[in-house]
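Q:
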Amino acid sequence: MTTTITVIRGDGIGPEIMDATLHVLDAMQLGLSYEFADAGMVALEKHGELLPQATMDSIRKNRIALKSPLTTPVGEGFSSINVELRKRFDLYANVRPAKSFPNTKSRFPSGVDLITVRENTEGAYSGEGQQVSADGETATLVQKITHRGSERIVRYAFDLARKTGRKKVTVVHKANILKSTSGLFLKTAREVAAQYPDIQCNEMIVDNTCMQLVMKPEQFDIIVTTNLFGDIISDLCAGLVGGLGLAPGANIGTEAAIFEAVHGSAPDIAGKGIANPCALLLGAAQMLDHLAQPQQAERLRAAIVGTLEAKDALTPDLGGEGNTMSFAQAIASRL
Ligand code: NAI
Ligand code: MG
Numbered sequence: 119m120t121t122t123i124t125v126i127r128g129d130g131i132g133p134e135i136m137d138a139t140l141h142v143l144d145a146m147q148l149g150l151s152y153e154f155a156d157a158g159m160v161a162l163e164k165h166g167e168l169l170p171q172a173t174m175d176s177i178r179k180n181r182i183a184l185k186s187p188l189t190t191p192v193g194e195g196f197s198s199i200n201v202e203l204r205k206r207f208d209l210y211a212n213v214r215p216a217k218s219f220p221n222t223k224s225r226f227p228s229g230v231d232l233i234t235v236r237e238n239t240e241g242a243y244s245g246e247g248q249q250v251s252a253d254g255e256t257a258t259l260v261q262k263i264t265h266r267g268s269e270r271i272v273r274y275a276f277d278l279a280r281k282t283g284r285k286k287v288t289v290v291h292k293a294n295i296l297k298s299t300s301g302l303f304l305k306t307a308r309e310v311a312a313q314y315p316d317i318q319c320n321e322m323i324v325d326n327t328c329m330q331l332v333m334k335p336e337q338f339d340i341i342v343t344t345n346l347f348g349d350i351i352s353d354l355c356a357g358l359v360g361g362l363g364l365a366p367g368a369n370i371g372t373e374a375a376i377f378e379a380v381h382g383s384a385p386d387i388a389g390k391g392i393a394n395p396c397a398l399l400l401g402a403a404q405m406l407d408h409l410a411q412p413q414q415a416e417r418l419r420a421a422i423v424g425t426l427e428a429k430d431a432l433t434p435d436l437g438g439e440g441n442t443m444s445f446a447q448a449i450a451s452r453l
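By the count of my numbering, the sequence shown reaches residue 453 at its end, each step adding exactly one.
(1) Using only alpha-carbon positions, find the residue among LYS285, THR343, LEU453 that is nearest to ASN238.
(2) Measuring alpha carbon to alpha carbon, tell me which residue in LYS217, ILE422, ALA450 is nearest ASP353.
(3) Measuring straight from C-alpha to C-alpha, what distance separates TYR274 and LYS297?
(4) Between which two residues does the alpha helix (DSSP H) carrying LYS164 extend?
(5) Are the CB atoms of GLU269 and VAL310 within a distance shorter than 8 Å?
(6) Which of helix, strand or coil does DSSP assign to ILE422?
(7) Starting from MET119, trace the alpha helix (DSSP H) in both directions and tell me its first and last residue.
(8) At a cut-off of 7 Å, would you count ASP349 as near ligand 2, judging by its Cβ distance to the nearest heavy atom?
(9) Is ASN117 near ligand 1, going by C-beta to nearest heavy atom under 7 Å?
(10) Quick check on this structure: which residue in PHE445, CYS328, SER224, GLU416 has the alpha carbon closest to the alpha carbon of ILE350?
(11) Mind reading off the beta-carbon distance from ALA379 to ALA183? Whole number of angstroms is fine, and I expect it under 8 Å.
(12) Could you give the first and the last residue of the continuous alpha helix (DSSP H) run that contains ASP144?
(13) Can you determine whether any heavy atom of ligand 1 sits closer than 7 Å to the C-beta of ASP63, and answer yes or no?
(14) By Cβ distance, which residues of its chain are closer than 8 Å to LEU364, with the 5 residues on each side in sequence left out?
(15) Please indicate yes or no: does the CB of HIS381 lie closer than 7 Å to some heavy atom of ligand 1?
(16) Provide the residue span of the beta strand (DSSP E) that contains ALA446, from first to last.
(17) Return the first residue and the last residue of the alpha helix (DSSP H) that ALA311 is part of.
(18) For GLN430, verify whether its CB is less than 7 Å away from any heavy atom of ligand 2.
(19) Determine which residues share a DSSP beta bridge with ASP231 and list them.
(20) How many angstroms separate the CA atom of ASP84 from the CA atom of LEU150?
(21) Quick one: does the C-beta of GLY363 sit closer than 7 Å to a heavy atom of ligand 1?
(22) Rounded to whole angstroms, what's the CA-CA distance from GLY389 to ASP316? Just pull it up for me.
(23) Flag VAL394 as yes when its Cβ comes closer than 7 Å to any non-hydrogen atom of ligand 1, and as no otherwise.
(24) Who are ILE340's beta bridge partners in DSSP?
(25) Going by DSSP, what residue range makes up the alpha helix (DSSP H) through SER268?
(26) Is LYS292 helix, strand or coil by DSSP?
(27) Regarding ASP459 and ligand 1, is the C-beta to nearest heavy atom distance less than 7 Å?
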């Protein structure tokens, strides 16, 4: 059976890492077919808009997209394309695994294996009520948390634990101070946790969580939290395991799911063919999990780990002398 996915090659290093990723996916012979769609600067130049209707239609139809980073022009009144995609497809779960890899510059070459599940649509990032007073003295913003939004993200985290054989979910909050918003999130999380007696649940305040992550990251399995905390914590976790070149992310909703690298379009190295393709490849592995092909996902991850272990054709960010495509070829040869 053929599965069609929407492929967005993106801006900057996007096309380079996407070509490398598709090279590896092709070598896996998964029966995937690609529908290419434009977004970002490349779409603005070709079609006059950052997010053309044809791209939205393609994602809506295929329900799965693999996406390279996009450049949002700064200061020209454009809102972030990534935020726009999350809104339009209600991609409520931002799922970011962080696992130790060999031969990276990480302080934790082993022992870290956790997933951050971040609520992606509410809280401080919904953009509601952003105001600065006429005299420029006071700025305000509405932080809205709903029972429904909290319920579905916490349920997602517990279901993910069951599906992946993980044992513990840590609910990260600040309910001691943010009594209404974080309080509602925590109360809802407790209700959901009670329905999963097979999964251990603990609660941790966000500032302590940051310290604990840096001191003893092995204690975490799945973390679930609200939008702003999740944004910060998931980057912290990427830093624990070797940085941006190895950090993938999935944006999952009921209507569609978009898989990507966490990093941006890296204009400083674009066109040089030296970008690390691993983050997008690991995003593709998340996509295979989502497509109910966990064995293929593991096959891909094992080939990436094997290539890192052998220090074969690593890109310069990992201290190697390889390039984007030679790295991908080394990974493909280990499948
Ligand atoms: P960035 O992630 O593009 O780059 C930060 C640093 O990391 C740079 O030095 C870059 O060379 C390096 N880097 C990033 N990915 C790499 C890779 N795969 N291999 C080797 N080195 C890598 O962040 P920056 O510079 O803040 O943003 C650049 C553009 O990307 C902006 O227009 C921003 O809006 C966009 N962006 C897009 C995202 C997305 O589409 N998901 C996410 C983050 C930023
Ligand atoms: Mg972020």
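Every residue gets a Cβ at the ideal spot worked out from N, C-alpha and C, and that includes glycine. The structure presented is a predicted model; accordingly, all values stated were derived computationally and were not measured.
A: So, from the listed chains and residues:
(1) Residue THR343 is the option with its Cα nearest to ASN238.
(2) ASP353 has its Cα closest to that of LYS217, out of LYS217, ILE422, ALA450.
(3) Cα-Cα distance, rounded: 23 Å.
(4) Secondary structure note for LYS164: its alpha helix (DSSP H) is the uninterrupted segment 159 to 165.
(5) The answer is yes: Cβ separation under 8 Å.
(6) It is helical.
(7) Per DSSP, MET119 lies in no alpha helix (DSSP H) and is assigned neither H nor E.
(8) Checking every heavy atom of ligand 2 against the Cβ of ASP349, one is found closer than 7 Å.
(9) The first residue shown for the chain is 119 and the last is 453, placing residue 117 beyond what the model contains.
(10) Of the candidates PHE445, CYS328, SER224, GLU416, the one whose C-alpha sits nearest the C-alpha of ILE350 is CYS328.
(11) About 13 Å separates the beta carbons of ALA379 and ALA183, which is beyond the 8 Å limit, so they are not a contact pair.
(12) Run containing ASP144: 132 to 146, per the alpha helix (DSSP H) assignment.
(13) Residue numbering for the chain in the displayed model covers 119 to 453; residue 63 lies beyond these limits and cannot be assessed.
(14) Counting only Cβ-Cβ distances below 8 Å, and skipping sequence neighbours, we find PHE219, THR222, ALA356, ASN394, CYS396, ALA397, LEU400.
(15) Distance from the C-beta of HIS381 to the nearest heavy atom of ligand 1 is below 7 Å.
(16) No beta strand (DSSP E) holds ALA446; the alpha helix (DSSP H) holding it covers 442 to 450.
(17) That run of the alpha helix (DSSP H) goes 299 to 311.
(18) Here residue 430 is Asp; the residue named in the question, Gln, does not match the sequence. ASP430: no, Cβ never under 7 Å from ligand 2.
(19) Per DSSP, the beta bridge partners of ASP231 are LYS217.
(20) Limits of the chain in this structure are 119 at one end and 453 at the other, which puts residue 84 out of reach.
(21) If you check the C-beta of GLY363 against ligand 1, you find a heavy atom less than 7 Å away.
(22) Whole-angstrom Cα-Cα distance: 49 Å.
(23) The sequence given here places Asn at residue 394; Val does not occur at that position. Taking 7 Å as the cut-off, one finds at least one heavy atom of ligand 1 near enough to the beta carbon of ASN394.
(24) BP columns for ILE340 point to ILE233, VAL287.
(25) Counting along the chain, the alpha helix (DSSP H) containing SER268 begins and ends at 265 to 282.
(26) Three-state result, LYS292: coil.
(27) Nothing about residue 459 can be read from this structure; the chain reaches only from 119 to 453.
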